[in-house]
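Protein chains in written order, with our numbering: chain A, 1 to 284; chain B, 285 to 497.
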């Protein structure tokens, strides 16, 4: 344990240790009881039956789910490739000294940070056809995620740029660089490295958003899970497996973010700015 | 369909959204506080449980959780209304985030403050109540505002699992052939009003309680 927590406690004396020992046993029993209750609930309703779980040991079915995961990751990566540079440009635009750049960027960011991704998906899925145009399913998913994602990522970049020492931009203007030159040559290169962990967290948010493929019937992991649940008649088992797959991927990305953060231990000032720890724009 | 009927339907959905937000945000505060207490307790099983909870519920996408709550729970004999299921799902999901917000807020209090309180002879409860939490809450206002906005936007996912709320009402109206410009425009205005409005309120609170240095 780090932080204030250990300082808050006295070192437990003999009586305290006894109490902790008793509490440990009681808590362990209570948690075990809860787990047993959950398992019983599965068993009573016949959801532990072998034929309900057995499909997930078969390669074709696992491969079907893994293909869904691959498509999820594809959507996520495509959205990241579009939304991250867009977010950077929006953030810099929002900080620009020129009002006709600053205002549109600010309006875009505030607008798309305030709208749920799913509402935008319905605009593409239902609104556009009603007005006589339509967009392929895949883009009905990607474009809304990119719109809200780039707005969220813009705020991450903006926080990073604002956290950079003023002396950097002042020195840049002293040697005669223009605004975009300053940003491109001086600010962005310094900001990207410390922001890397936060951008990885944003990748998790994009992956979470990609579950909206469930709505547009794009065969990413959650929608594949839905089809599979109907096929094998085991909804709760399928969705649990799907949830586990998402958890594994997100956990791996989190580990990577921590590793990157540790490697950059000398720039701790971004630690507290974990804006991204909040709920993601849409799933959030 | 006339404009009054359409606006009435949307407002009806909006009221459901507000109900879901209110219940699940309060639920998330309760769950998050409970888990945060578990995570700092000296009792190992509780600490492990808190850690596992946060890791699991932060890593799972909200929509997956909602699908599990709405379409999964009935299969193990827990039949809830769609409304109750989505409130449960959002509260569990946001609870993990509330827990981490609380923890990072407490961690943001300089160590010297705690050491000083302990040196003055404050007990655990006293130093937490008089020294740590008052300072932690001030820096937590903004993060809690973000969690709240996240919950508001998250409720739109209820439309994907068939629970009545604003996005769902918009979708139904559109399928019925209402003018998409009007429906989406109104829904967007309502969402923006809530998010910007709550952002403004949390910003006001933050400025009010901020330390004047």
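Where a beta carbon is used, it is the ideal one built from N, C-alpha and C, also for glycine. What you are looking at is a predicted structure, and each value in this text was computed from that prediction instead of being measured.
Excluding its 5 nearest sequence neighbours in each direction, residue 457 of chain B has C-beta neighbours in its own chain below 8 Å: 285, 290, 293, 294, 467, listed in chain order.
Classified as exposed, residue 57 of chain A has fewer than 16 neighbouring CB atoms from the shown chains inside 10 Å of its CB. Taking 8 Å as the cut-off, the Cβ atoms of residue 95 of chain A and residue 178 of chain A do not count as close.
If only uninterrupted alpha helix (DSSP H) runs of at least 4 residues are considered, those enclosed by the stretch 80-151 of chain A are 99-114, 117-122. Note that the C-beta distance between residue 200 of chain A and residue 236 of chain A is not below 8 Å.
With respect to the C-alpha of residue 104 of chain A, the residue from A/42, A/89, A/115 having the closest C-alpha is A/89. In this structure, residue 128 of chain A sits near residue 135 of chain A, with a CB-CB distance shorter than 8 Å. Here DSSP, grouped into helix, strand and coil, assigns residue 197 of chain A to helix. Within the stretch 363-410 of chain B, the runs of alpha helix (DSSP H) at least 4 residues long that lie entirely inside it are, in chain order, 366-391, 395-403.
Residue contact with chain A for residue 476 of chain B: present (Cβ-Cβ distance below 8 Å to some residue of chain A). Within the same chain, Cβ atoms closer than 7 Å to the Cβ of residue 75 of chain A are found at 141, 142, 210, 213, 220, the five residues on either side in sequence being excluded. By the C-beta density criterion, residue 394 of chain B is exposed, having fewer than 16 other C-beta atoms within 10 angstroms. The beta-carbon distance between residue 320 of chain B and residue 387 of chain B, rounded to whole angstroms, is 6 Å. This is short enough to meet the 8 Å contact definition. Contact annotation, residue 471 of chain B with residue 451 of chain B: C-beta distance approximately 7 Å; criterion of less than 8 Å satisfied. None of the residues of the stretch 54-65 of chain A has a beta carbon lying less than 9 Å from any beta carbon of chain B.
With contacts defined as CB atoms closer than 8 Å, residue 27 of chain A and residue 330 of chain B qualify as a contacting pair. Taking a beta-carbon distance threshold of 8 Å, residue 20 of chain A counts as an interface residue toward chain B. Using a Cβ distance threshold of 8 Å, residue 208 of chain A and residue 358 of chain B do not count as a contacting pair.
Every alpha helix (DSSP H) stretch that sits fully inside the stretch 169-248 of chain A and reaches 4 residues is listed by chain position as 188-209, 213-216, 221-232.
Contact between the stretch 412-419 of chain B and the stretch 322-338 of chain B is not established, with fewer than three Cβ pairs separated by less than 8 Å. Three or more beta-carbon pairs separated by less than 8 Å are not found between the stretch 158-169 of chain A and the stretch 239-254 of chain A, which leaves the two stretches without contact. Put simply, the stretch 395-404 of chain B does not touch the stretch 360-380 of chain B. Fewer than three CB pairs are less than 8 Å apart. Rounded to the nearest whole angstrom, the CA to CA distance from residue 461 of chain B to residue 130 of chain A is 8 Å. Contact note: residue 31 of chain A reaches chain B through 329, 330, 332, 333, using a C-beta cutoff of 9 Å and chain order.
For residue 23 of chain A, the residues of chain B that pass the 7 Å Cβ criterion are 327, in the order they occur in the chain. For the stretch 446-458 of chain B, the residues whose beta carbon sits under 9 Å from a beta carbon of chain A are, in order, 450, 451, 454, 455, 458.
The beta-carbon separation of residue 182 of chain A and residue 174 of chain A, rounded to 10 Å, does not stay under the 8 Å limit for a contact.
Each of A/257, A/226, A/245 was checked against the Cα of residue 355 of chain B, and the nearest Cα belongs to A/226.
Closest by C-alpha distance to residue 112 of chain A, out of A/85, A/97, A/124, A/144, is A/144.
With its beta carbon less than 8 Å from one in chain A, residue 444 of chain B belongs to the interface.
A straight line joining the alpha-carbon of residue 486 of chain B with that of residue 305 of chain B spans about 16 Å.
Boundaries for residue 13 of chain A: no alpha helix (DSSP H) harbours it, and the DSSP string shows neither H nor E there. Shown here for residue 441 of chain B: same chain residues with a beta carbon closer than 7 Å to its own, the five before and five after excluded, namely 346, 347, 350 in chain order.
Residue 263 of chain A has its alpha-carbon roughly 42 Å from the corresponding atom of residue 445 of chain B.
Chain-ordered listing is empty here: chain B has no CB closer than 8 Å to the CB of residue 67 of chain A, the nearest sitting near 17 Å.
Ranking A/124, A/148, A/132 by CA distance to the CA of residue 115 of chain A puts A/148 first.
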